[in-house]
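The next block holds one structure in the form of structure tokens; read it before the comments.
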Amino acid sequence: SIDFRFVHRCDFVCGGIVDFLKEAANVIIFKNIGKYMQKHTKMGKSAEESSTAAPTFRIIREVYESTNAHERFEAELDKALEAKVDYIIIEPPKLGDETARWITVGNCLHKTAVVSGVASLISSLIWRDRPVIAAPMCAISLFCTGLYTVSWNYDPCCQYQVERDDEILSKLPLGDVSAPMILGYSPNNKTKYLHRSVTLFSAAFCAWQIWRSYK
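Just so we're aligned, residue 33 is where the sequence shown starts under my numbering, counting upward by one.
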């Protein structure tokens with residue numbers, strides 16, 4: 033026969049265990065939720081503080097105190113680039129023009145590498161049996177990527193772009209600066225990985241296409 037008293041005791045014990053587990057789970061859940069909310073509140077505050085913080089800048093003054101003033105301007109620019117300040121204000125016109133041209137040529141090489149690489153990939157997919165169409169564009173992409181990697185990739189100047197936004201320029205102390213060239217810090221690690229990946233994919237696909245055509 034069934035011992036109902038034993039069954040009742042088991043139900044009582046099991047019910048107590050279940051209630052204890054529920055309470056423990058609630059405590060753990062609410063504790064973790066509290067930690068999560070505190071963490072994201074701190075992150076939100078730090079992000080808000082960083083967004084409202086004043087941007088850092090460096091001004092290179094056009095002061096000719098010696099015959100090697102241009103070399104001194106270049107040394108000041110190198111220090112500012114290595115410091116990764118938010119904005120670099122270049123007052124000497126010659127240095128500003130040279131820096132702007134250097135950045136423009138680097139941007140042109142980067143865009144040419146990406147466009148020619150994508151064009152090579154598309155032409156390889158459309159004309160699979162005619163590598164003569166994709167090969168020249170792939171060669172251009174390889175050349176531009178190689179030249180950019182050798183001359184621009186490790187230059188801290190490639191992390192900057194010429195700033196032309198009037199809203200940003202209005203916040204900089206430009207009142208006592210004559211005809212400045214403004215550089216804004218703009219990390220380009222993702223874009224460098226992009227054009228390298230596009231070039232490698234186009235080169236691999238083009239090489240496979242050539243190998244298959246001569247097989």
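Cβ atoms here follow ideal geometry from the backbone N, Cα and C, with glycine treated the same way.
Test item: CB-CB of A215 and V146 under 9 Å: Reading the sequence as shown, one finds Leu at residue 215 and not Ala. Going by C-beta atoms, L215 is not nearer than 9 Å to V146.
Is there contact between the region 191-202 and the region 166-175, where contact requires at least three CB pairs shorter than 8 Å? Verdict: no, contact absent.
Assuming contact is defined by CB atoms lying nearer than 9 Å, are S98 and R104 in contact in what I supplied? Annotated as proximal: S98 and R104, with beta-carbon spacing under 9 Å.
Other residues of its chain near Q241: CB distance less than 7 Å, five sequence neighbours each side excluded: Within the same chain, Q241 has close Cβ partners S156, R160, P163, A166.
Give the secondary structure of A79 by DSSP, where H, G and I count as helix, E and B as strand, and everything else as coil. Reliability fails at A79, whose pLDDT of 45 lies under 50, so the model's placement of it is uncertain and the value that follows must be treated cautiously. Three-state DSSP puts A79 in a helix.
Closest to L113 by CA distance: which of C140, C189, A151 is it? Answer by Cα proximity: C189.
If you reduce the DSSP assignment to three classes, tell me which class R196 lands in. In this structure, R196 counts as coil in the three-state DSSP scheme.
Going by other Cβ atoms of all chains shown within 10 Å of its Cβ, with 16 needed for buried, is F38 buried or exposed? In this prediction, F38 has a pLDDT of 42, which is less than 50 and means its spatial position is unreliable; nothing more can be read from the coordinates.
Pull up the distance between the alpha-carbon of S78 and that of A236, whole angstroms please. Because S78 sits at a pLDDT of 47, beneath the cut-off of 50, its placement in the model cannot be relied upon, and the point is left open.
Same chain, Cβ closer than 8 Å to R41, neighbours up to 5 away in sequence not counted: With a pLDDT of 48 at R41, under the threshold of 50, the predicted position of this residue should be treated as unreliable, and no value is reported.
Quick one: Cα of E123 to Cα of I92, how far? So the alpha carbons of these two residues sit roughly 6 Å apart.
One question on the structure: do T88 and D118 come within less than 9 Å of each other, judged by their Cβ atoms? Yes, they are a contact pair.
Assuming G138 contacts Y180 (C-beta within less than 8 Å), just tell me the rounded distance between them. By a beta-carbon distance limit of 8 Å, G138 contacts Y180. Their separation comes to about 6 Å.
With a 10 Å radius around its C-beta and 16 neighbouring C-beta atoms as the bar for buried, classify P125 as buried or exposed. Burial check for P125: the Cβ neighbour count within 10 Å stays below 16, so the residue is exposed.
Please list the segments of the alpha helix (DSSP H) lying wholly inside the region 137-221, counting only runs of 4 or more residues, in order along the chain. Counting only runs of 4 or more residues that sit fully inside the region 137-221, the alpha helix (DSSP H) segments are 163-183, 198-201, in chain order.
Using 9 Å as the threshold, is the C-beta distance between Q193 and K116 below it? Cβ distance not < 9 Å, so Q193 and K116 don't count as in contact.
Give the secondary structure of R90 by DSSP, where H, G and I count as helix, E and B as strand, and everything else as coil. R90 falls in the strand class under three-state DSSP.
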